[in-house]
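Asks:
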Amino acid sequence: MSATRVREDGAEGLGGGQPQIPDSQHFGEASARERDEVPADSHSPAPASPRLGSHSHSHDYTSQLGEHHPGATDAPTQASTPNAHTAPVTPDQQHLLQPPTSWPGSPADSPSQHSSPINLGQPHRPYPGLPRTSPANTRRTPLSTKRTLARLLVASENMRGRGNTTIVGSTKWKKLKASILTDKIGVMAIQETHLTPSHMREIEQFHKELHVINSVHPDNPSGAGGVALAFNKFLTNTKGIQSHELIPGRALLATFNWHKDDELTVLAIYAPNDARESREMWTTIANKIRRSGGSIPKPDVILGDMNFVEDNVDRFPMALHSIDAPDSFDDLKRLCNVTDGWRATYPSSVEYSWRDASRSSMSRIDRIYVTEPLLDSSRNWKIKTSDLNRDDHSRVSVELVNLDMPEIGPGRWRPGNML
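Numbering of the sequence shown is given in the UniProt record's numbering, commencing with residue 1 and proceeding in unit increments.
#1: If you draw a straight line from the C-alpha of T166 to the C-alpha of P347, how long is it?
#2: Following a CB-centred definition, is H259 positioned closer than 8 Å to any heavy atom of the ligand PLP?
#3: Measuring alpha carbon to alpha carbon, tell me which of P326, A268, D311, M362 ends up nearest D300.
#4: Would you mind listing the beta strand (DSSP E) stretches within the segment 196-228 that are 3+ residues and don't spill past its ends, in chain order?
#5: Could you give the DSSP three-state label for M188: helix, strand or coil?
#6: Identify, in the order they occur along the chain, each residue of the same chain with its Cβ nearer than 6 Å to the Cβ of H217, setting aside the five sequence neighbours on each side.
#7: Please name the residue or residues paired with H244 in a DSSP beta bridge.
#8: Since N158 contacts D366 with CB under 8 Å, what's their CB separation in whole angstroms?
#9: Looking only at C-alpha atoms, which of S198, R151, R162, I368 sits nearest to G186?
#10: Using DSSP bridges, identify the partner residues of W354.
#11: Would S278 and F234 be called neighbours here (beta carbons separated by less than 9 Å)?
#12: So, does the segment 276-291 touch the segment 199-214, judging by three or more C-beta pairs under 8 Å?
#13: Looking at C-alpha atoms only, which residue of E263, D183, P297 is the closest neighbour of E245?
#14: Kindly indicate which three-state DSSP category E263 falls into: helix, strand or coil?
#15: Report all residues from its chain with a CB closer than 6 Å to the CB of A228; omit the five preceding and five following residues, and keep chain order.
#16: With distances taken Cα to Cα, identify the nearest neighbour of D311 among D340, R334, R291.
#17: Can you tell me whether T182 is buried or exposed? The criterion is at least 16 other CB atoms within 10 Å of its CB, across all chains shown.
#18: Going by CA-CA distance only, name the one from P326, S179, V313 that's closest to M281.
#19: For I302 and L374, what's the separation of their Cα atoms in angstroms?
#20: My assumption, with CB atoms under 8 Å, is that T236 sits in contact with T345. Please give the rounded CB distance.
#21: In or out: D314 buried (at least 16 other Cβ within 10 Å) or exposed?
#22: Please give the ranges of any alpha helix (DSSP H) in the segment 262-330, keeping only runs that are unbroken, at least 4 residues long and fully inside the region.
#23: DSSP has R162 in a bridge; who is on the other side?
#24: Run through DSSP, which three-state label would W103 get?
#25: Restricting to Cα atoms, I'd like to know which of S322, I247, V338 is closest to I368.
#26: How far does the alpha helix (DSSP H) with T182 in it extend, from its first residue to its last?
#27: Starting from T345 and walking both ways along the beta strand (DSSP E), at which residues does that stretch end?
#28: Short of 7 Å in beta carbon distance, which residues of its chain neighbour S353, apart from the five on each side in sequence? Order them along the chain.
#29: In three-state DSSP terms, what is R151?
#30: Which one or two residues does DSSP pair with I167 in a beta bridge?
#31: How far does the beta strand (DSSP E) with S378 in it extend, from its first residue to its last?
#32: Where F231 and M306 are concerned, what is the direct C-alpha to C-alpha distance, given to the nearest angstrom?
#33: Sort L153, K172, S295, V154 by Cα distance to R162 and report the nearest one.
#34: When we look at the beta-carbon of G409 and count the other beta-carbons within 10 Å, is it buried (16 or more) or exposed?
#35: Using the three-state DSSP reduction, which class does L375 fall into: helix, strand or coil?
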């Protein structure tokens, strides 16, 4: 007599037998019946993304059979009521209760045997390389209930000072805020801010739509250097931002909650134009990250005014200067595993982010570096002039997209109900 397995839901089956798996035809017939049962005037929801919908059958089937881990032996469960077909399981029959490693008729190299199972109760991440949390794999910012978009526009621009002794009278800051709100920029790195504590209080008072974190030049806060990160409060979570001033007035790092439980770490840069100071700055940043023991995360995005180029094609006239392509910056890139996204996207193009008034000297010294996963999920890499500096620096920007979010298409056209 064959042993009978009794599941917790009371269903019975022969020990070692193959459970009845609903095939694709079964699902197709079920879907057809559901479509027939829907009233003609009802509005069916938009179809889910094929990438996310490909796992829906696995969830449904697992929930029907109960939680099951491949490779684990299911102990026979005693039925609640006497059953004539239930018999004790002998040690010789124990192996029959072992789930088969492959179903009959499936090829030996079936992809299902190599893919990892989806754990119930845990969100499925088809793109695990994206920054769920900080590089140290620990959450640094509190979870936010604020609804934000799964895409984020990141930009950088050298504004060359305030343009006025006060913020309320500064035309540059008015244009900057209007541009951030109009272009829907989420995070913007700003160089040569020249902001003192009194200027920061003015920004909080007159530009409440922005959350600004600033790092001042230690020797001349109101007249030289300075780097800042401006967050659009309408598009980003500004509560609980963790910031680190790596180099005063030169390097500012911040970690914030991007979307749902995803975090993003951004490093804003205003590099010196002296070759020795530039090499020392990149070395200092790399050493601080290495020696922090994880308290200073590796940035997912490095952006700003680098004041050097890595390739002679990025200068006009075409040449490499003594400040260009420092080895210390290559070391930082390897440490953070970042890539020049614009050059990777346009490998044979030539465009410049800085020019003098006569256009006799130009270079692409304003750049954005991202990690490889973010590079795969980025789009709209741009270098364009703005109202702040038409004869100096251009604005560089990129749109980052969270690929874990379902893709929602434009929909389909259908005639009205009156036709």
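C-beta atoms are modelled at their ideal positions from N, C-alpha and C, and glycine is treated no differently. Keep in mind that this is a model prediction, so the values were computed, not measured.
Replies: Once the coordinates are examined:
#1: C-alpha separation (whole angstroms): 43 Å.
#2: For the structure depicted, the ligand PLP is absent and the ligand set is empty, with no information on it obtainable.
#3: Closest by C-alpha distance to D300, out of P326, A268, D311, M362, is A268.
#4: Listed in chain order, they are 210-215.
#5: M188 falls in the strand class under three-state DSSP.
#6: Contacts found: A224, G225, G226, G249.
#7: DSSP lists L253 as partners of H244.
#8: Sure, about 7 Å apart at Cβ, within 8 Å.
#9: It is R151.
#10: In the DSSP output, where bridge partners are listed per residue, W354 has S363, H393.
#11: Result no, Cβ atoms of S278 and F234 do not sit closer than 9 Å.
#12: With a cut-off of 8 Å, the segment 199-214 and the segment 276-291 do not count as touching, because too few Cβ pairs lie within range.
#13: That would be P297, whose Cα lies nearest to the Cα of E245.
#14: Judged by DSSP in its simplified three-state form, E263 adopts strand.
#15: Correct list, in chain order: I190, T193, V212, N214.
#16: The shortest CA-to-CA distance from D311 to any of D340, R334, R291 is the one to D340.
#17: Result: exposed.
#18: Taking only the C-alpha atoms, the option nearest M281 is P326.
#19: So the two alpha carbons sit approximately 12 Å from each other.
#20: About 24 Å; that fails the 8 Å criterion.
#21: Burial state of D314 is buried, judged by a 10 Å Cβ sphere holding 16 or more other Cβ atoms.
#22: Segments of the alpha helix (DSSP H) lying fully in the segment 262-330: 275-291.
#23: DSSP lists no partner for R162.
#24: At W103 the pLDDT is 41, less than 50, meaning the model places this residue with poor confidence and gives no usable figure here.
#25: Answer by Cα proximity: V338.
#26: Element bounds for T182: 171-182.
#27: For T345, there is no enclosing beta strand (DSSP E); the enclosing alpha helix (DSSP H) covers residues 341-345.
#28: Cβ within range, chain order: R364, I365, D366, I383, H393, S394, V396.
#29: R151: strand per DSSP, three-state reduction.
#30: None; I167 has no bridge partner.
#31: Per DSSP, S378 belongs to the beta strand (DSSP E) from 378-384.
#32: Rounded to the nearest angstrom, the two C-alpha atoms are 21 Å apart.
#33: The option with the nearest alpha carbon to R162 is K172.
#34: It counts as exposed.
#35: Looking at L375 - three-state DSSP - the assignment turns out to be helix.
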